[in-house]
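Terminal number for the sequence shown in the working numbering: 380, no gaps in between.
Beta carbons are placed, not taken as given, at the ideal position from N, Cα and C, and that holds for glycine.
This report refers to the structure that appears directly beneath it.
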Amino acid sequence: MSIYDDLVSILFKLPDGRTLEEYYKNILLVGKVSTEDLQTDVTLTAPKKYADYDEVLADFKPTSQFALEANAIFSQKNNTQTTSQVMYVIIAPQQESETLSNALDKAKAVDGRFAKVVPVSRTAADIKSAADWCLTNDRFCDFVVTDVDDVAEIASNNYAYALFRKNSAEPLASAVASTSTCGYFGGKDGSAQFTQLSGIQAETYSGEEISAMKSANIAFYTNVSPIEGGQTDDFGYNWVIGSKMLGGELRQRQMIMHYIKKSMGLMALEFFNQKPVYDETGNNLLLTLAQKRFRSFQQYNLVIQDSKDQKGYDLKVVPIRTGSDSIMNTDIEAYNEKKFKLSGYYYDAIVGEKVDFVFYVDPTDEQVTQLLTQE
């Protein structure tokens, strides 16, 4: 079984419509906004989008943590070490009397086009709340911790990427979140590992601190040099070190898996929007759309390229009524519910691992009616 088995149960809940690229180019900051954060005569009671740092400064004082985080995000846009294409920063204010998860729910209801969440708070409870919300709502959470033990309760979360920072105000998580907003997670910026950040100072750690962070799958930003001692930074590079989510999965692979899952969901929407008949004509249309998607995955370096010795992917639709292997003869439940069935494999472009999948295209009756009545 694979991530695709349950895909259809979630694909019609996607908040971002068909604008998948923008979904990966927006970052949401969440936290409590006080009067000390805001410019004179400015109030912020609802989520708001900002296209650049100057827009943020119109509402927030430059000393506000929200302004610091936003500046770090937009500063990576011209960073040659990344391919950041961030479009908007969404700031979701958490009211004094509400929980952080409620603030995120409100933000998603207003505009769900964000794949990344960065909590401004550094307290363990707020971090856990944000990370838990992201796991439930199929988003990624990047955040800063100042104590390795702060991730103990979310250590298995593969949607959470933790970065250690001695200075809790340093907007390291926002900077890293911005480096992987383009949507093509097979490139140099998808893992965060070895990325150089604009406007972020590297920190120095002891061997014991580094060992503790690596054991907990917590990343950090430091200078890596072949020569030890003071004034040796020029011999090395400032790098993000740490390529894994808290749960142990490679960050880049999780993003690729997430992107493919969402993209295949959008493909299914396109498929039903063409009002397919439940026969081999519909099957052939499904296969054509799926092949187009997987060719784009190769183009974006999510799936390995074909070679004379190996195919990057292979897809096939299961016959509906013809043959002993047809859905009618081998999968009665699927046949009665008029499910289309796509199976195959692909090789991950990151480690070359083969991923087998079975993908059922199976909307509910209500969803079918909603789709097929759209003109």
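8 Å CB neighbourhood of residue i in its chain, flanking five on each side removed
i	result
Pro231	Phe240 and Gly241
Leu255	Ser196, Ser248, Lys249, Ile355 and Val356
Val91	Lys30, Asn31, Ile32, Ile78, Phe79, Gln81, Lys82, Ser183 and Thr186
Leu168	Asp147, Phe148, Val149, Val150, Leu177, Ala178, Val181, Ile223, Ala224, Phe225, Tyr226, Val245 and Gly247
Sheet register partners of residue i (DSSP bridge)
i	result
Cys139	According to DSSP, which records beta bridges pairwise, Cys139 is partnered with nothing at all.
Phe362	Gly349
Asp147	Tyr166
Tyr318	Tyr351
Ile32	Val94 and Lys121
Val229	Tyr242
Val47	DSSP lists no partner for Val47.
Leu255	Lys249
Tyr58	Tyr58 is not bridged to any residue.
Val282	Looking at the DSSP assignment, Val282 forms no beta bridge with any residue, so it has no partner.
Phe65	Leu43
Ala221	Paired residue(s): none; Ala221 is not in a bridge.
Lys53	Ile96
Pair within 9 Å by beta-carbon distance, residue i and residue j
i	j	result
Pro124	Leu140	no
Tyr164	Val181	no
Leu109	Asn162	no
Asp314	Gln303	no
Gln296	Leu274	no
Leu307	Leu347	no
Ala224	Gln198	yes
Phe112	Leu33	Just to set this straight, residue 112 is Ala in the shown sequence, not Phe. Yes, the pair counts as a contact, with Cβ atoms nearer than the cut-off.
Lys1	Glu208	Lying outside 6 to 380, the shown extent of the chain, residue 1 is not represented and no answer is given.
Val150	Pro176	no
Gln81	Ser89	yes
Asp64	Lys53	yes
Tyr93	Ala56	yes
Thr186	Tyr210	no
Tyr28	Lys267	yes
Met250	Val153	no
Asn243	Ile205	yes
Gln44	Leu62	yes
Gly252	Ala160	yes
Asp336	Val322	no
Val35	Ala97	yes
Ser203	Asn84	yes
Leu294	Met262	no
Residue burial classification, residue i (beta-carbon count within 10 angstroms, cutoff 16)
i	result
Pro67	exposed
Thr327	exposed
Val115	exposed
Gly287	buried
Asn222	buried
Val366	buried
Asp147	buried
Asn334	exposed
Asn31	buried
Ile15	Bear in mind that the predicted position of Ile15 carries a pLDDT of just 34, short of 50, making it too unreliable to give a figure here.
Lys280	exposed
Ser248	buried
Gln99	buried
Ile132	buried
Ser126	buried
Gly235	exposed
Ile246	buried
Ala135	buried
Asp330	exposed
Same chain only: Cβ atoms within 6 Å of residue i, ignoring 5 sequence neighbours per side
i	result
Met260	Phe190 and Gly195
Gln257	Phe190, Gly195, Ser196 and Ile355
Ser179	Glu74, Ala77, Ile78 and Val123
Gln379	Because Gln379 carries a pLDDT of 42, less than 50, the predicted location of this residue cannot be relied on, and no value is offered for it.
Phe119	Asn31, Leu33 and Ile95
Lys359	Tyr350 and Tyr352
Tyr283	Lys343
Ala72	Val61 and Phe65
Val38	Leu49 and Pro98
Contacting residues, own chain, Cβ-Cβ under 7 Å from residue i (five flanking each side not counted)
i	result
Gln86	Thr200 and Gln201
Tyr340	Ile332 and Met333
Ile309	Gly317, Tyr352, Ala354 and Gly357
Phe299	Val308, Tyr318, Leu320 and Tyr351
Trp138	Ser106 and Leu109
Asp238	Asn228 and Ser230
Tyr58	Ala75, Asn76 and Phe79
Asp155	Ala129 and Ile132
Proximity test, residue i beta-carbon vs the ligand SAM heavy atom, cut-off 8 Å
i	result
Glu26	As for the ligand SAM, it is missing from this structure, which has no ligand bound.
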